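S.K.:
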Amino acid sequence: MNDANTDGGIMDGANGVAFLDFEASGLGPRSWPVEVGWAIVGGEVDAALIRPAPDWRADAWDPAAERLHGLSRETLVRDGKAPEAACAQLEAALDGCAKIFADAPAWDEFWLHQLYAAVGRRPPFRLGDFGALMRPIAAGREAEIFAAANSEAPRAHRAGADAAHLRAIFLAAQKLRAGDRS
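So for the sequence shown, our numbering puts the first residue at 1; every next one is plus one.
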């Protein structure tokens with residue numbers, strides 16, 4: 001999406017920028033998404049629990065992942081949305097977003113593809129690398145940016161909260177950058 005050496009002008013015009021995060025059944029090659037969350041600059045923060053698709057393997061469930069995010073298989077079966085509904089909600093929420101970033105793009109892209117494969121489709125968007133976006137503009141100011149973001153939206157190992165945390169980091173960097181120009 002963006003060259004790792006530039007923010008592609010995103011810091012100057014943040015309209016249409018969103019952040020995405022997944023929680024998953026584990027970190028293995030058969031793992032699958034349990035929750036997807038998003039935070040849109042100037043817009044909503046939301047998440048969807050995902051009901052396991054019939055072909056997602058039960059042996060890919062890692063109890064350590066469950067302890068981290070606090071979501072049980074029973075909760076997902078009872079309260080999760082079918083993959084079709086989760087895809088529809090995600091697409092509706094991100095409609096109009098030109099750039100979507102994740103802090104672990106390889107894993108998040110993997111789970112995004114797992115979600116869409118469950119409904120026989122490919123995702124309609126790709127994820128940019130949050131680290132590559134932030135590296136050029138946060139250099140030397142990480143502690144200040146993270147402190148501001150942590151007070152605004154702390155990380156919680158839940159998809160919506162963690163997407164909001166990424167947005168808070170981005171907005172804190174944007175605010176510092178604007179202050180540097182005045």
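Just so you know, even glycine gets a beta-carbon here, dropped at the ideal spot from N, CA and C.
Just so you know, these numbers come straight off a predicted model, no measurement behind them.
Do you know offhand how far W107's Cα is from Q114's?
M.R.: The straight-line gap from Cα to Cα measures roughly 10 Å.
S.K.: Can you grab the Cα-Cα spacing for the pair F125 / L76, in whole Å?
M.R.: Going by the C-alpha atoms only, they are around 25 Å apart.
S.K.: Hey, out of H69, L20, F170, P33, whose CA is closest to A60's CA?
M.R.: The option with the nearest alpha carbon to A60 is P33.
S.K.: Taking the CB atoms as reference points, tell me whether A149 and A168 lie closer together than 7 Å.
M.R.: Their beta carbons are under 7 Å apart, which means A149 touches A168 by this criterion.
S.K.: Going by C-alpha distance, which of L171, S25, G28 is nearest A18?
M.R.: Closest by alpha carbon: L171.
S.K.: Whole angstroms is fine: what's the gap from A118's alpha carbon to E152's?
M.R.: About 35 Å.
S.K.: Within the continuous beta strand (DSSP E) that includes W111, where are the two ends?
M.R.: W111 -> not in any beta strand (DSSP E); alpha helix (DSSP H) instead, spanning 105-117.
S.K.: Is the beta carbon of P123 sitting closer than 7 Å to the one on L112?
M.R.: The answer is yes: Cβ separation under 7 Å.
S.K.: Could you check whether the segment 68-82 touches the segment 22-40, counting it as contact only if at least three pairs of C-beta atoms, one from each stretch, sit closer than 8 Å?
M.R.: Yes: the two stretches touch, three or more of their Cβ pairs being nearer than 8 Å.
S.K.: Is E74 buried or exposed, if buried means 16 or more other CB atoms sit within 10 Å of its CB?
M.R.: Flag for E74 reads exposed.
S.K.: Could you check the C-alpha separation between H69 and A86 for me, to the nearest Å?
M.R.: Distance between the alpha carbons of H69 and A86 is about 18 Å.
S.K.: Can you look up A39 in the DSSP assignment and give me helix, strand or coil?
M.R.: Looking at A39 - three-state DSSP - the assignment turns out to be strand.
S.K.: Please work out which residues of its chain come closer than 8 Å, Cβ to Cβ, to A173, disregarding the five sequence neighbours upstream and downstream, and give them in chain order.
M.R.: Counting only Cβ-Cβ distances below 8 Å, and skipping sequence neighbours, we find M11, M134, I137, A138, R141, I145.
S.K.: Leaving out five residues before and five after N5 in sequence, what residues of the same chain have Cβ atoms less than 7 Å from its Cβ?
M.R.: Per-residue confidence for N5 stands at a pLDDT of 33, beneath the threshold of 50, marking its modelled position as unreliable; the derived number appears in the next sentence. The answer, listed in chain order, is P136.
S.K.: Start and end of the alpha helix (DSSP H) containing L90?
M.R.: Where L90 is concerned, the enclosing alpha helix (DSSP H) stretches over 83-94.
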